[in-house]
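Peer 1:
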Amino acid sequence: MKVLSLVGARPQIIKEAVLHEAFKVRGVQELLVHSGQHYDYNMSDVFFEILKIRSPDHNLNVGSGKHGEMTGKIMIEFEKIVEKERPDMIVVYGDTNTTLAGAIVGAKLKIPVAHVEAGVRQHPKDMPEEINRVLTDHVSKLLLCPSQLAVENLKKEGITNGVHFVGDVMFDLYKKMEKHFKYDCLERLNLEENNYLVLTLHRDFNVDRKEILEKILRALAKVAEKFKIVFPIHPRTRNRVKEFGLQDHLKNMIVVEPLDYLNLMGLVQKCWKVITDSGGLQKEAYFAGKRAIILMPDTGWRELVEVGWNKLASAEDLLNVLLEDEKVPYPANLYGDGHSAERIVEIIASFRS
């Protein structure tokens, strides 16, 4: 069996690397195609070192651009690769323009598409990521869901064939990387376990408008009067804070440069709670047994909110939500058991059109 995996963004590269090992074990030939949408493959980081991420077999080099232009370019170039390689299946990941482009090419060429992370849904419905994931799900033959809620989301849209709850590949990654987590920051920043918050903030709707960012930072400054906040600040956020003249709101926080995954996860494992607008960190906090306050109006990971583990918050109610510390039992196995990659590869290898 020959499989083409199409990626175009850093999280997709990491998920593919986890799956690649399972494909090798199963004896499935998997070729990697990179669209060139977001990521420099020369970049060296902990994932490249530990996961031994390989160079792609094909690079489409499409670069950035408007949504339609980018999606169209990827379709044109990816179609050539598909016709040359003639795979038995195409695997796409997540919710980028690359994902949608690969799914459309597969559907048009009558090659089955497997969507890893299918069934995730989030408001607003007109956000590009939501459009990409919905359309991808509706043309895919295998819908590989990270949670039971994702399965239910698909059922509401009339999609039941080819749907599988497989768990989240990112939990596989977390378990694989856990023995490498670093805790140097605790001593360096004079932190006590369970006595500080980890904050990340980078979404455009939170940081790109002065009035909104100022409101959020004012709320966080009030939190910082009561709790230590460690804030690995995203370059985008740092630039906006400087541009808008909001530096004073950070004076009681421990502001540090962005941390790599191993150091950030070490901080999260030992913190009290997480405050974030990152989709990935919401789940990683859960993997670490820590609760998160989500600075977003909605989240794709609603199962964590529905069981009461994570909470949605705005600037207006942030402190109150943080202090609502009712006891909630840890909701185990929402994202599987850490063997999602093996399950996905087994389903793909066993697929018959």
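Position one of the sequence shown corresponds to residue 1 (UniProt numbering), numbered consecutively onward.
Yeah, the Cβ is synthetic: ideal placement off N, Cα and C, and Gly gets one too.
Given E316, which residues of its chain have a CB within under 7 Å of its CB, disregarding the five upstream and five downstream residues?
Peer 2: Cβ within range, chain order: n/a, list empty.
Peer 1: Please confirm if the stretch 177–188 is in contact with the stretch 201–218, defined as three or more CB-CB distances below 8 Å between the two stretches.
Peer 2: At 8 Å Cβ cutoff, the stretches do not touch.
Peer 1: For A288, does the three-state DSSP call read helix, strand or coil?
Peer 2: DSSP places A288 in coil when its eight states are reduced to three.
Peer 1: What span of residues does the beta strand (DSSP E) with I131 cover, start to end?
Peer 2: I131 -> not in any beta strand (DSSP E); alpha helix (DSSP H) instead, spanning 128–139.
Peer 1: Are the CB atoms of I90 and I76 within a distance shorter than 7 Å?
Peer 2: Not closer than 7 Å, so no.
Peer 1: With a threshold of 6 Å on Cβ separation, who are the neighbours of F23 within its own chain once the five nearest residues in sequence on each side are excluded?
Peer 2: Excluding positions up to five away in sequence, the list reads E30, V345.
Peer 1: D317: beta carbon under 6 Å from a heavy atom of the ligand ADP?
Peer 2: No copy of the ligand ADP appears in this structure; indeed no ligand is present at all.
Peer 1: Quick one: residues in its chain with C-beta nearer than 6 Å to the C-beta of M296, no 5 flanking neighbours on either side, listed in chain order?
Peer 2: D277, listed in sequence order.
Peer 1: Which runs of the alpha helix (DSSP H) fall wholly inside the stretch 138–171 and span at least 4 residues, in chain order?
Peer 2: You should have 148–156.
Peer 1: Tell me where the alpha helix (DSSP H) around M265 begins and ends.
Peer 2: Per DSSP, M265 belongs to the alpha helix (DSSP H) from 261–270.
Peer 1: Any contact between the stretch 160–178 and the stretch 244–252? By contact I mean 3 or more CB pairs, one from each, below 8 Å.
Peer 2: Segments in contact, no.
Peer 1: Among V134, L109, M127, M177, which residue has its Cα nearest to the Cα of L100?
Peer 2: Of V134, L109, M127, M177, the residue nearest in Cα terms is V134.
Peer 1: Go through its chain and collect everything with a Cβ distance to D95's Cβ below 6 Å, but skip five positions before and after it.
Peer 2: Excluding sequence neighbours, D95 sits near E129, N132, R133.
Peer 1: When you compare the CB positions of I81 and V62, do they come within less than 7 Å of one another, or not?
Peer 2: Going by C-beta atoms, I81 is not nearer than 7 Å to V62.
Peer 1: Using 7 Å as the threshold, is the C-beta distance between I229 and L191 below it?
Peer 2: It is not a contact, given that the beta carbons lie outside the stated cut-off.
Peer 1: Quick check on DSSP: helix, strand or coil for N320?
Peer 2: Helix, per DSSP.
Peer 1: Can you grab the Cα-Cα spacing for the pair P56 / G65, in whole Å?
Peer 2: When rounded, the distance between both Cα atoms is 22 Å.
Peer 1: Provide the residue(s) that pair with K228 in DSSP beta bridges, ordered along the chain.
Peer 2: Per DSSP, Y196.
Peer 1: Please classify K176: does DSSP put it in a helix, a strand, or coil?
Peer 2: Reduced to three states, the DSSP call for K176 is helix.
Peer 1: Which value, in whole angstroms, describes the spacing of the CA atoms of Y41 and F47?
Peer 2: Reliability fails at Y41, whose pLDDT of 46 lies under 50, so the model's placement of it is uncertain and the value that follows must be treated cautiously. The straight-line gap from Cα to Cα measures roughly 12 Å.
Peer 1: Classify N320: buried if its beta carbon has 16 or more other beta carbons within 10 angstroms, exposed otherwise.
Peer 2: By the neighbour-count rule (16 or more Cβ atoms within 10 Å), N320 is not buried but exposed.
Peer 1: Which residues mark the beginning and the end of the alpha helix (DSSP H) in which K24 is found?
Peer 2: That run of the alpha helix (DSSP H) goes 10–26.
Peer 1: Between V256 and the rest of its own chain, which residues show a CB-CB distance below 8 Å, the 5 nearest in sequence each way excluded?
Peer 2: Cβ neighbours of V256 beyond the five flanking positions: C185, L189, V230, F231, P232, I233.
Peer 1: Using 10 angstroms around the beta-carbon of H20, count the other beta-carbons present and answer buried if the total reaches 16, otherwise exposed.
Peer 2: Result: buried.
Peer 1: E326 by DSSP, collapsed to three states: which one?
Peer 2: Reduced to three states, the DSSP call for E326 is coil.
Peer 1: Name, in chain order, the residues that DSSP records as bridge partners for K125.
Peer 2: Paired residues: none, contrary to the question.
Peer 1: Out of curiosity, what's the CA-to-CA distance linking K108 and I347?
Peer 2: About 22 Å.
Peer 1: Per DSSP, what are the beta-bridge partners of M89 in this structure?
Peer 2: Answer by DSSP bridge pairing, in chain order: V3.
Peer 1: What does DSSP give as the partner residue(s) for I275 in the beta ladder?
Peer 2: Answer by DSSP bridge pairing, in chain order: L199, I293.
Peer 1: DSSP beta-bridge partners for Q29?
Peer 2: Bridge partners of Q29: K2.
Peer 1: In the structure shown, what three-state DSSP assignment does H67 receive?
Peer 2: Helix.
Peer 1: How long is the line joining the alpha carbons of G162 and K179, rounded to whole angstroms?
Peer 2: Each residue's alpha carbon lies about 35 Å from the other.
Peer 1: Since I254 is in the beta strand (DSSP E), which residue starts that stretch and which ends it?
Peer 2: 254–256 is the span of the beta strand (DSSP E), which, as asked, contains I254.
Peer 1: How is K251 classed by DSSP in three states: helix, strand or coil?
Peer 2: Looking at K251 - three-state DSSP - the assignment turns out to be coil, as it is neither helix nor strand.
Peer 1: Figure out for me which residue from L4, I13, N97, A332 has the closest Cα to the Cα of E83.
Peer 2: E83 has its Cα closest to that of L4, out of L4, I13, N97, A332.
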